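Q: Before we start, here is the structure in question, set down as structure tokens.
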Amino acid sequence: MHFVSRVRQRLDDTELQRNLQRTRGRNAAARLASLASLDDFDAVRERATEIRASVLRDLDVWLERFEAEATRRGATVLWARDGDEACRLVIDIARRHDVKTVVKAKSMVSEEAGLNAALEAAGIRPVETDLGEYILQINDNEPPSHIIMPVIHKSKEQVSELFARVHGTAAKTDIVELTREAREKLRPEFLGAEMGISGGNFLIAETGSVAIVTNEGNGRMCTTMPRVHVALTGIEKVIPTLDDLATLLRILPRSATGQAISNYVSLLTGPKHEGDADGPEHMYFVLVDGGRADLIGGDFEPMLRCIRCGACMNHCPVYQTIGGHSYGWVYPGPMGSVLTPLYQGLEKAKDLPQAATLCNQCGVVCPVSIPLPDLMRKLREKQVDAGLRPWSERLSMRLWAWVAQRPKLYARGVRFAVRYLRWLADGRDRIQAMGVAPGWTAERDFPAPAAQSFRDQYAARQRRAGR
Amino acid sequence: MIKPPPGSRGEVGLFVTCLVDLMRPSIAFAALKLIEAAGYTPVVPDTQTCCGQPGHNAGDARSARALAQKLIAEFERFPCIVAPSGSCAGMIRAHYPHLFDDDEGWRARAEALAAKTFELTQFLADVAGVTEVPGDFVGAVTYHDSCAGLRELGVKRQPRALLDRMPGVEQRPLNECEECCGFGGLFSVKYPDISGAIAQRKCDNIRASGAGTVALGDLGCMMNIEGRLRRNGDEGTQVIHIAELLAGRLDPD
Chain W
1 MHFVSRVRQR LDDTELQRNL QRTRGRNAAA RLASLASLDD FDAVRERATE
51 IRASVLRDLD VWLERFEAEA TRRGATVLWA RDGDEACRLV IDIARRHDVK
101 TVVKAKSMVS EEAGLNAALE AAGIRPVETD LGEYILQIND NEPPSHIIMP
151 VIHKSKEQVS ELFARVHGTA AKTDIVELTR EAREKLRPEF LGAEMGISGG
201 NFLIAETGSV AIVTNEGNGR MCTTMPRVHV ALTGIEKVIP TLDDLATLLR
251 ILPRSATGQA ISNYVSLLTG PKHEGDADGP EHMYFVLVDG GRADLIGGDF
301 EPMLRCIRCG ACMNHCPVYQ TIGGHSYGWV YPGPMGSVLT PLYQGLEKAK
351 DLPQAATLCN QCGVVCPVSI PLPDLMRKLR EKQVDAGLRP WSERLSMRLW
401 AWVAQRPKLY ARGVRFAVRY LRWLADGRDR IQAMGVAPGW TAERDFPAPA
451 AQSFRDQYAA RQRRAGR
Chain A
1001 MIKPPPGSRG EVGLFVTCLV DLMRPSIAFA ALKLIEAAGY TPVVPDTQTC
1051 CGQPGHNAGD ARSARALAQK LIAEFERFPC IVAPSGSCAG MIRAHYPHLF
1101 DDDEGWRARA EALAAKTFEL TQFLADVAGV TEVPGDFVGA VTYHDSCAGL
1151 RELGVKRQPR ALLDRMPGVE QRPLNECEEC CGFGGLFSVK YPDISGAIAQ
1201 RKCDNIRASG AGTVALGDLG CMMNIEGRLR RNGDEGTQVI HIAELLAGRL
1251 DPD
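Right, here's the structure in full:
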């Protein structure tokens, strides 16, 4: 379905709109409140930006260091060129260890790769254990609508109805009870699964560890209880040191949910060692490129700094109006509007870089200073260069600029435009239908211009004053 | 260069903006009056047209650069450039230099211009240090922070401080005053559904403020908000440019 149709559908969905309005601004307000507990937010942001930017300057070096350290500590590091290869690697691991069931903590890269479908096709049962992801999975594998709050588009009533239908239990409306019901369903899965898959918020090069930031504790169970742990994440997630992790952890939960620190921060290093009380027998890293390496050294490298906090979408007027599913792929909001065309192809997401007001709320709140509106502008340039914009738009831009470089001609054009608009207004102070910009008058009136442009009024005034 | 008349604090180049020129000249006349009242001599280069922002935002970098070069050449002789628009002033200040990332000469000229370009209220409050404004409006006013002025130029305190100088004005807070109104230039025409829904929320907030008048610093956002209010049948809420509000009555000549 086309972007515009998806949007129209979402705007007409009164239940979705109600849900979006209910949560709107909540995370933004929490973020703002939590910044008060940082003595110098700007300095931390600057430092976080520099950490991420410096890694990207030498990404290969840090990845090699990470691989060496992780391997030295008993983990196996595997590289996947794209999502398909990542799925194959994960399935190979599962087969090698005779895995029937996989418990999964939240991983957006697994969404990129379509891992659940691939596992199912290979006869391996994936079970999402993040509450939001679990709700989506039992709702016929509905895609997430937000990168950290995947089910933000649903109300508790909708979840209640879903649980009653799928679990065959009496409908509950109390969130605590609903959560308990999910926990009761998930507990045996944690205990029975042979393999756990997690994402990774950061990969720490100096120790070969993966850091996982969660609020539900499911991440810990997925990574320590099953025999095998696979951490699946993008190659750009590496950072040099634990000190860097400390800096980034000051800014990630605050930017995401307004927490000074998330309920759980797990730092996982290698499989269970002798004397350890728990941990997996085997630990794997599957590090996915999926279009990332191509961005290094180019205009879009800053996008790879992204730490997936979701602040950009939490502050985006467009995202909060149309919801995450309108964006059509895994990543919604401003970061998705940049990533989707880059990872999926410019021609597959022609609307995303355009469907933004460039208000720069996203750029201002981004904890790693990604200039998201500038990147969207750059994507628009690429679209023009690739001939992906309608010829009428390109022509009118050229024509506008051509005329605007010729002041005399431009002045005549303005005079004509004033007359034309006033003719359309037909003596009224506004225009309600305008053929040249039907989009405008579909949603609002267009004012009639003054009888004379400024340049003409001003010239007349200057003449009268003898200047 | 013509010397400013004796007693003037200096010349100010007024960039009228293409939208004000075409749609609402009174905003530019209000800006002229305010600049004069602040003791400066406004000059309006008559060859000016557009700053190039439409091209810049539409991915037409060549057009944007061409118009930027034209504007730079027209205005660089002034010690100070003022525009009654956060969006156009933001284009010059925040974006012009990057248009010439691979052209050192033009980049230097763009940077020099950027450093002395101001949005109108920014100029009045921060550069001119204005303590009196001629406007005599009486009533409750709420203020919408247009995106580019707010986030590219840091225009926030200035319009409110200037309104504070008007004894008849009672300022009312606007919920979500920093949120975009949904205009976004061509976005408003390309994605009317989304734009309209965002504008609707802005209008609801404006009405909820209880002020009969909303002031703001960008004509694009004004047209979007006013147009949406009128389409909704709201004929009462006044949408006014901050320049017009501060300047008050304009002499017919």
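Order-wise, the sequence lines are chains W and A. Using my numbering, you'd call the opening residue of the first sequence number 1 and step up by one each time. Using my numbering, you'd call the opening residue of the second sequence number 1001 and step up by one each time. Ideal Cβ positions, reconstructed from N, Cα and C, are used throughout, including at glycine. Source: prediction; values computed, not measured.
1. So is W/Ser453 in contact with chain A if we call contact Cβ pairs under 8 Å?
2. Give me the chain W residues within the contact set of A/Cys1180, using Cβ-Cβ distance strictly less than 8 Å, ordered along the chain.
3. So what does W/Phe285 bridge to, in DSSP terms?
4. How would you list, in chain order, the residues of chain W whose beta-carbon sits under 9 Å from the beta-carbon of A/Ser1209?
5. Would W/Leu388 and W/Lys350 be called neighbours here (beta carbons separated by less than 8 Å)?
6. Are the C-beta atoms of W/Asn14 and some chain A residue less than 8 Å apart?
7. To the nearest whole angstrom, what separates the beta carbons of W/Met397 and A/Pro1192, a pair I think is in contact under 8 Å?
8. Quick one, which residues of the segment 1002-1022 of chain A are near chain W if we go by CB-CB under 8 Å, in chain order?
9. Label W/Tyr420 either buried or exposed according to how many other C-beta atoms from any shown protein chain fall within 10 Å of its C-beta, with 16 as the threshold for buried.
10. Where do the ends of the alpha helix (DSSP H) carrying A/Phe1029 lie?
11. Counting only C-beta atoms, is W/Glu381 closer than 8 Å to chain A at any point?
12. Am I right that A/Val1133 and A/Leu1162 are in contact with their C-beta atoms under 8 Å? What's the rounded C-beta distance?
13. Leaving out five residues before and five after A/Asp1126 in sequence, what residues of the same chain have Cβ atoms less than 8 Å from its Cβ?
14. Have a look at A/Pro1006 and A/Gly1168 and give me their C-alpha separation to the nearest angstrom.
15. DSSP state of W/Ile319, grouped into three classes?
16. Would you report the Cα separation of W/Val414 and A/Gly1185, rounded to the nearest angstrom?
17. Kindly indicate which three-state DSSP category A/Gly1220 falls into: helix, strand or coil?
18. Given a cut-off of 8 Å, decide if W/Ala246 and W/Pro253 are closer than it, judged by their beta-carbon atoms.
19. Mind checking who A/Tyr1143 pairs with in its DSSP beta bridge?
20. Measure the CB-CB distance between A/Ile1092 and A/Leu1067 and report whether it falls below 8 Å.
21. Taking all protein chains shown into account, do 16 or more other C-beta atoms lie within 10 angstroms of the C-beta of A/Met1001, making it buried, or fewer, making it exposed?
22. Compute the distance between the beta-carbons of W/Cys306 and W/Ile370, then report whether it is under 8 Å.
23. Suppose you measure from the CA of W/Leu11 to the CA of W/Val4; what does that come to, to the nearest Å?
24. Could you work out which residues of chain A lie near W/Asp299, taking near to mean beta carbons separated by less than 8 Å?
25. Which ranges does the alpha helix (DSSP H) cover as unbroken runs of at least 4 residues, wholly within the segment 163-225 of chain W, from first to last along the chain?
26. Which residues in chain B sit within 9 Å of W/Ile322, going by Cβ to Cβ distance?
27. So, with DSSP's three-state summary, where would you put A/Met1001?
28. Taking CB distances under 8 Å as the criterion, tell me whether A/Phe1187 reaches chain W.
29. Go to A/Pro1042, then tell me how far its beta strand (DSSP E) extends in each direction, as first and last residue.
30. Identify the continuous beta strand (DSSP E) that holds W/Leu304 and give its terminal residues.
31. Could you name the residues of the same chain whose beta carbon sits closer than 8 Å to that of A/Pro1173, not counting the 5 residues immediately before and after it, in chain order?
32. A/Leu1071: which of A/Asn1057, A/Pro1045, A/Ala1128, A/Ile1206 sits nearest, CA to CA?
33. Which value, in whole angstroms, describes the spacing of the CA atoms of A/Lys1116 and A/Val1043?
34. Whole angstroms are fine: how far does the CA of W/Asp42 sit from the CA of A/Gly1010?
35. Starting from W/Phe66, trace the alpha helix (DSSP H) in both directions and tell me its first and last residue.
A: The short version:
1. Chain A contact via Cβ: present.
2. In chain order: Pro317, Thr357, Cys359, Gln361.
3. Bridge partners of W/Phe285: W/Val77, W/Ala231.
4. Near A/Ser1209 there are no residues of chain W at all, since even the closest Cβ is about 17 Å away, more than 9 Å.
5. Between W/Leu388 and W/Lys350, the CB-CB gap stays under 8 Å.
6. For the sequence presented, residue 14 of chain W should be read as Thr rather than Asn. For W/Thr14, the answer is no, since every Cβ of chain A falls outside 8 Å of its Cβ.
7. 19 Å between Cβ atoms; not a contact.
8. Residues of the segment 1002-1022 of chain A with a Cβ closer than 8 Å to any Cβ of chain W, in chain order: Val1016, Cys1018, Val1020, Asp1021, Leu1022.
9. Exposed, because fewer than 16 other Cβ atoms sit within 10 Å of the Cβ of W/Tyr420.
10. Taken as a continuous stretch (DSSP letters only), the alpha helix (DSSP H) holding A/Phe1029 covers 1025-1037.
11. Yes, its Cβ sits closer than 8 Å to a Cβ of chain A.
12. The pair is a contact, with the Cβ atoms about 6 Å apart (cut-off 8 Å).
13. So the qualifying residues of the chain are Phe1118, Gln1158.
14. If you take the alpha carbons of A/Pro1006 and A/Gly1168, they lie about 34 Å apart.
15. Residue identity differs from the one stated: residue 319 of chain W is Tyr in this sequence, not Ile. Note: W/Tyr319 maps to helix in three-state DSSP.
16. Cα-Cα distance, rounded: 19 Å.
17. In the structure shown, A/Gly1220 falls within a helical segment according to DSSP collapsed to helix, strand and coil.
18. Contact annotation: W/Pro253 and W/Ala246 have beta-carbon atoms that are not nearer than 8 Å.
19. Per DSSP, A/Ala1215.
20. Contact: no.
21. Its pLDDT being 44, under 50, A/Met1001 is placed unreliably in this model, and the value from its coordinates should be taken loosely. It is exposed - the Cβ of A/Met1001 has fewer than 16 other Cβ atoms within 10 Å.
22. The Cβ-Cβ distance between W/Cys306 and W/Ile370 falls below 8 Å.
23. Each residue's Cα considered, the two are about 10 Å apart.
24. Chain A residues near W/Asp299: none, gap ~10 Å exceeds 8 Å.
25. As far as the segment 163-225 of chain W is concerned, its whole alpha helix (DSSP H) runs of at least 4 residues are 175-192, 218-224.
26. The chain inventory of the structure shown lacks chain B, comprising the protein chains W and A.
27. Here A/Met1001 scores only 44 on pLDDT, less than 50, and its place in the model should not be relied on; the value that follows carries that caveat. The answer is coil: DSSP assigns A/Met1001 none of H, G, I, E or B.
28. Output row for A/Phe1187: interface = yes.
29. DSSP places A/Pro1042 in the uninterrupted beta strand (DSSP E) bounded by 1041-1043.
30. No beta strand (DSSP E) contains W/Leu304, which DSSP labels as neither H nor E.
31. Here the set comprises Thr1142, Ser1209.
32. Between A/Leu1071 and the set A/Asn1057, A/Pro1045, A/Ala1128, A/Ile1206, the nearest pair of CA atoms involves A/Pro1045.
33. Spanning the two alpha carbons is a distance of roughly 15 Å.
34. If I take the Cα positions, the gap works out to 37 Å.
35. That run of the alpha helix (DSSP H) goes 59-72.
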